[in-house]
Each structure stands twice: as C-alpha cells, then as structure tokens.
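Position 172 of the sequence shown, counting from 1, maps to 172 under full-length UniProt numbering, and the rest follow consecutively.
These notes are about the structure you will find just below.
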Amino acid sequence: MAYDASTRDAALDDNALAQLFTEARTRNAFSDRPVTTEQLHKLYELTKFGPTAANSTPVRFLFITSPEAKARLAPFMSEANRSKTLSAPVNVVVAFDNDFHEHMPLLFPHNPGAKDWFGDSEARKGPGVLNSSLQAGYFMIAARALGLDVGPMIGFDAAGVKGEFLADSSWVPSFVINLGYGTDENLFPRSPRLDFDTAAKIL
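This is the structure in structure tokens:
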C-alpha cells in the first residue's frame, strides 16, 4: 500500500506505541523460532533512514547466526550474558566504522568537503560512537516494529571480538544485541523509570 503523506503528522495508535515502547521488554531468553535473512535485510533497510550528523551513518552490523560463529562469540561474552547469547537466534555485534568518512562523498554529496571534517582518525571516534549509538537505537525500535525482540548487552570483551571477527577491518565493536522472538523466561519485573520532572526541563 502506498504511503499517504497527508497522514504523516498522525500519531501511532496505542497498540503500536505499546509494541514499540510501553509493553516492550528487554528479553533474556528466546524461542527457537528463526529469524530469516530477509528479515535482517528489512531490518537494516528501516534502520538506515534514521538521522545522523551530516548523514555520516557510521554504524556497522555483524549478524552472527551460525552455530559455528556463535561458538566463537560465546567466550567473549560475560558469564552472565553467555547463555542468553547462545539462546538467541541472532547475535548482532554493533560497531562503528572508524573509516566512515570515506563514504561521505556518497552520503553528503551537496558538500564535497565533508570528508575532510573527519580527517583525523582519533577525532572520528567521538562522532563514530555517538552516531552509531543513535543508529543502534533506531535498529532496536525497527526490530520491535517488525515483531522481533531485542536484548542489548555491554558485558563483553570488545577487544576480543574485534580480534576474532574484525581484525582486518576498520570496524570497532561497541556492544551486542540479541535478536529474535523473546520468551518470558528470566524476565524481570520492569524496572522503574525517572519521571518527567526529574529527567526533563521546559524553558
């Protein structure tokens, strides 16, 4: 069905908001229902439209799906995260490309000098981490929109994953997301959130 641009300022209904936010949960266990390659492609095709600074889009995703690759990843996960990692049909290593500036002529064509804004390798790490983290947030919302569940984790050996999987690339791992169809196993009660007056100000 074609998109009706006249509805772009209409709020999503409560069911959609519940699926994306209010009823969505970080999952610690997953069913054996598979996630297809086609789903992973669709997930990326949604994620890529989220905004980043100068359209730099530095995020990179390593989708780990085979038993052999998962066995290589597992030793680098913290002990608390290892079993949940093995239970998920897909493990996603979220990384940023420290050479993302090489793609700026394609991504920001109306300013031919944009590549030079990120000419220093060390200086690229800040925008690389910030903008790839933004994109990872889009990724998780897109996954929920497609009916999938996510479980993000920072408890892993990033240097070890870099050496095992990405040694010959400019990709730098940031964290891991388990992806699939979650179960209620080991699902904790929802933790509190800060209220508006604590977390926000209106001037």
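In this text, a Cβ means the ideal position worked out from N, Cα and C, and glycines have one as well.
- The residues V93, A95, A158, V161, K162, in chain order, have a CB closer than 6 Å to that of P173 in the same chain once the five nearest residues on each side in sequence are set aside.
- With a minimum length of 4 residues, the unbroken runs of alpha helix (DSSP H) contained wholly in the UniProt domain "Nitroreductase" (27 to 181) fall at 37 to 47, 67 to 73, 79 to 87, 104 to 107, 121 to 145, 158 to 165.
- Contact between N98 and K70 does not hold, since their C-beta atoms are separated by about 26 Å, which reaches or exceeds 8 Å.
- Taking C-beta separations shorter than 8 Å and ignoring five residues to either side along the sequence, the partners of N55 in its chain run L107, F108, following chain order.
- With respect to the 8 Å criterion, L40 and F63 are classified as neighbours on the basis of their beta carbons.
- Short of 6 Å from the beta carbon of P34, and not among the five residues preceding or following it, lie these beta carbons of its own chain, in chain order: P89.
- Taken through DSSP and simplified to helix, strand or coil, F21 comes out as helix.
- Of the residues assessed, T52 falls on the buried side of the cut-off, its CB having 16 or more other CB atoms within 10 angstroms.
- Per DSSP, the continuous alpha helix (DSSP H) segment holding D197 begins and ends at 196 to 199.
- In the structure shown, the three-state DSSP call for T7 is helix.
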